[in-house]
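Step one of this worksheet: look at the structure below.
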Amino acid sequence: MRESLEGSVGRRSREEEHESRSGSDNMDGASGDDQDAADKPPRKKRYHRHTPQQIQELEALFKECPHPDEKQRLELSKRLCLETRQVKFWFQNRRTQMKTQLERHENSLLRQENDKLRAENMSIRDAMRNPICTNCGGPAIIGDISLEEQHLRIENARLKDELDRVCALAGKFLGRPISTLATSIAPPLPNSSLELGVGSNGFGALSTVATTLPLGPDFGGGMSNALIPASRPTTAVTGLDRSVERSMFLELALAAMDELVKMAQTDEPLWIRSLEGGREILNQDEYLRTFTPCIGMKSNGFVTEASRESGMVIINSLALVETLMDSNRWSEMFPCMIARTSTTDVISSGVGGSRNGALQLMHAELQVLSPLVPVREVNFLRFCKQHAEEVWAVVDVSIETIRETSGAPSFVNCRRLPSGCVVQDMPNGYSKVTWVEHAEYEESQVHQLYHPLLRSGMAFGAQRWVATLQRQCECLAILMSSSVPTRDHTGITASGRRSMLKLAQRMTDNFCAGVCASTVHKWNKLNVGNVDEDVRVMTRKSVDDPGEPPGIVLSAATSVWLPVSPQRLFDFLRDERLRSEWDILSNGGPMQEMAHIAKGQDHGNCVSLLRASAMNANQSSMLILQETCIDAAGSLVVYAPVDIPAMHVVMNGGDSAYVALLPSGFAIVPDGPGSRGPTSNGQVNRNGGGGGGAQRVGGSLLTVAFQILVNSLPTGKLTVESVETVNNLISCTVQKIKAALQCES
């Protein structure tokens, strides 16, 4: 019994050995014949050549499925009049042939990389053998270059280590039709301005349009090398996947940069001037003809917004690029637009110590100051490239199509198509900034009141980014100048001005976080029956924060449409002499401005300290800190009651972090083209059109928001009465504003 078992095992192993041998013998597509008796001595094999028709059929299936199952092989063998084993061996041989070709290709790439490193090594050796003094140009003494020589040796060792890493990765690639090694070999410098406009990238299909930027030959070479991730993978599998993913990110970033530059420079027919307001509108048909979507097709239920704006900004291109590539500085530059942002991964920090070629993954929460517009959460790539001397571009593009990133929202309510800015240095420290914003978003989550504003691109669009940038840079220029503006109160010291501005910035940031329910604070939304439908009420606990009073904070916010121009509404709300017409904190009388710090050329951009006059001896005098700002995209009035002794400390240059305050205020934006405001003949325009030829009255969207301490104990309970009190405060304030501006109807 044991002998027969051993005999059968031996026969089977010999048969399998013969099968594998016959499979490897026929590299050109021939297959072996059956062996009738496995235990007979091997005889000379007959070779069978497949007909061209058979090979054509086999090749067609191989392209679709390199590993057919038994059922597919059986079906194919019947159709081609072959034995199933012949079909099986043919596929084995074809796969082996494919693998050999791939190995040969990878070896060729590695050989090129090796030659390149050898050439660099030779040039370094020559430089070391014949050192030249950088000051006089003559031969240098050997002792003078010891430090430089040491640096060159370290660099050489690093390059060798990089080559070893690439070789190790290549071993993992074998057997898979993926090759990211091509990106590690710098292509020859392009000859035309066309390719330089989008970078030396090796992706020919992305470089098919000429640009008008003044592009020089000194930029773009070696960009691909800088973008190869320098970190060593922790394990073979995750390291490989990460490398593949990063090469996909690079390809996406280059395509997005190409699209941004073309959209920034091309005029009609891509961009068309609208008759109302002269805004530029993107021609969607022309856009689809010109560009291949680099992040896939638009999702169902999503609508598109696109805008472009140019402006002169008092900042140089390098400083602006540094601001955009640093998430903290980016957030500080656009405080009312960015609720929160972070850099999740730095893929490349740039070439030669500059930001040229910098590529990073970022997460941001973008906001419009209204409870009726949801915060936009986006995960995107940010890529920076220098196109010529003093010409830079920074582009953003969503990455949802490549992967679901960690921390990404379960439902994406917005996708950022290639958006960003092209910056060109101008004389006297100014830059010309051309900004393009292009996004797709879920419109059903936005209140009807804000549909025209968002669709026109005026809410999250290019005009708002450029206007905010101009206002913030103007403010920085004034603060850095030694002379004090004439309207400022000279009684405040320079350190006192800085402390007051820092406190006002914290107040405004806190106000924005309360309006939009971003993740800056942990808010809990309340659904209370007696609260108006469009009023959002939220609550949170304030504990161990020296900048806020401890206890339960209630935030209430709403947005309304008013048939008043944004400028008139802003002037009314910021005027301390008219404050008693809407503010219960004013004690029914006018307020007096105690201090004033200008933040821009426009008188509306400032920080003030107001004092309410006491109407009788029992009332204590109270101070109100107020910040107002206005630009082409909208305006803001934020205020908070402050403690008098604490403000004396701040005005003398003391630390403002310990001043406890809870802000309230107003955000004002134009109502957008095609809104439902009334026309000049008194009829209500429900279609967003001209209303039978009559001009539409320009209106405003006003957001009113309060943050109030309703219980001084963080563990205390929130009562229905306190919620109703805040709701009544909001509705009463809105009614008073309407009455004062004579627009109750």
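In this text, residue positions in the sequence shown follow full-length UniProt numbering: the first is 1, and each later residue adds one.
By construction, the Cβ of each residue, glycine as well, lies at the ideal position given by its N, Cα and C atoms.
Per DSSP, cross-strand counterpart(s) of residue i
i: residue 448; result: Residue 448 pairs with nothing; no bridge assigned.
i: residue 416; result: 439
i: residue 280; result: 273
i: residue 552; result: 541, 711
i: residue 309; result: 435
i: residue 499; result: The partner list for residue 499 (beta bridge, DSSP) is empty, contrary to what the question assumes.
i: residue 304; result: 440
i: residue 392; result: 386, 423
i: residue 731; result: In DSSP, residue 731 forms no bridge with anything.
i: residue 562; result: 700
i: residue 724; result: Per DSSP, none; premise fails for residue 724.
i: residue 592; result: 611
i: residue 49; result: Looking at the DSSP assignment, residue 49 forms no beta bridge with any residue, so it has no partner.
i: residue 536; result: 557
Residue interval of the beta strand (DSSP E) (run including residue i)
i: residue 702; result: 700-711
i: residue 641; result: 634-642
i: residue 365; result: 359-366
i: residue 670; result: 664-670
i: residue 385; result: 376-388
i: residue 574; result: No beta strand (DSSP E) contains residue 574, which is instead part of the alpha helix (DSSP H) from 566-574.
i: residue 400; result: It is not in any beta strand (DSSP E) - residue 400 carries neither H nor E in the DSSP assignment.
i: residue 622; result: 622-631
i: residue 612; result: 606-612
i: residue 601; result: Segment: none, residue 601 is in no beta strand (DSSP E) and carries neither H nor E.
i: residue 342; result: 338-348
Start and end residues, alpha helix (DSSP H) containing residue i
i: residue 112; result: 84-129
i: residue 325; result: 317-325
i: residue 464; result: 462-480
i: residue 53; result: 52-64
i: residue 717; result: No alpha helix (DSSP H) holds residue 717; DSSP gives it neither H nor E.
i: residue 72; result: 70-80
Inter-residue CB distance, residue i and residue j (contact presumed, cutoff 8 Å)
i: residue 375; j: residue 339; result: 6 Å
i: residue 317; j: residue 389; result: The Cβ separation is near 10 Å, so there is no contact.
i: residue 355; j: residue 325; result: 5 Å
i: residue 357; j: residue 396; result: Not really, about 16 Å apart at Cβ, beyond 8 Å.
i: residue 622; j: residue 633; result: Incorrect: roughly 33 Å between the Cβ atoms, too far for contact.
i: residue 344; j: residue 361; result: 5 Å
i: residue 743; j: residue 562; result: 6 Å
i: residue 468; j: residue 631; result: 6 Å
CB contact flag (residue i, residue j, <7 Å)
i: residue 436; j: residue 263; result: yes
i: residue 700; j: residue 515; result: no
i: residue 117; j: residue 152; result: no
i: residue 572; j: residue 668; result: no
i: residue 707; j: residue 636; result: no
i: residue 508; j: residue 627; result: yes
i: residue 555; j: residue 703; result: no
i: residue 59; j: residue 80; result: no
i: residue 291; j: residue 259; result: yes
i: residue 652; j: residue 457; result: no
i: residue 66; j: residue 95; result: yes
i: residue 591; j: residue 432; result: no
i: residue 380; j: residue 398; result: yes
i: residue 557; j: residue 536; result: yes
i: residue 319; j: residue 294; result: no
i: residue 440; j: residue 266; result: no
i: residue 736; j: residue 582; result: yes
i: residue 392; j: residue 346; result: no
Check: residue i C-beta below 6 Å from any heavy atom of the ligand ATP
i: residue 707; result: Summarising the ligand content, the structure contains no ligands, and the ligand ATP is consequently not present.
Using 8 Å as the threshold, is the region 440-457 in touch with the region 419-428, meaning 3 or more CB pairs across them?
-> no
Inter-stretch contact at 8 Å, needing at least 3 Cβ pairs: the region 465-477 / the region 598-610 | yes
Counting Cβ pairs, one atom from each stretch, are 3 or more of them under 8 Å apart for the region 645-664 and the region 499-508?
-> Between the region 645-664 and the region 499-508 there are three or more C-beta pairs closer than 8 Å, enough to call the two in contact.
Three or more C-beta pairs below 8 Å linking the region 450-470 and the region 307-315 = yes
Indicate whether the contact test is met: 3 or more Cβ pairs, each with one atom in the region 576-585 and one in the region 643-652, closer than 8 Å.
-> no
Take every Cβ of the region 710-726, pair it with every Cβ of the region 540-551, and state whether three or more of those distances are shorter than 8 Å.
-> yes
Meets three-Cβ-pair contact criterion under 8 Å: the region 103-117 and the region 74-91 | no
For the 8 Å Cβ check, are there 3 or more pairs between the region 326-345 and the region 353-373?
-> yes
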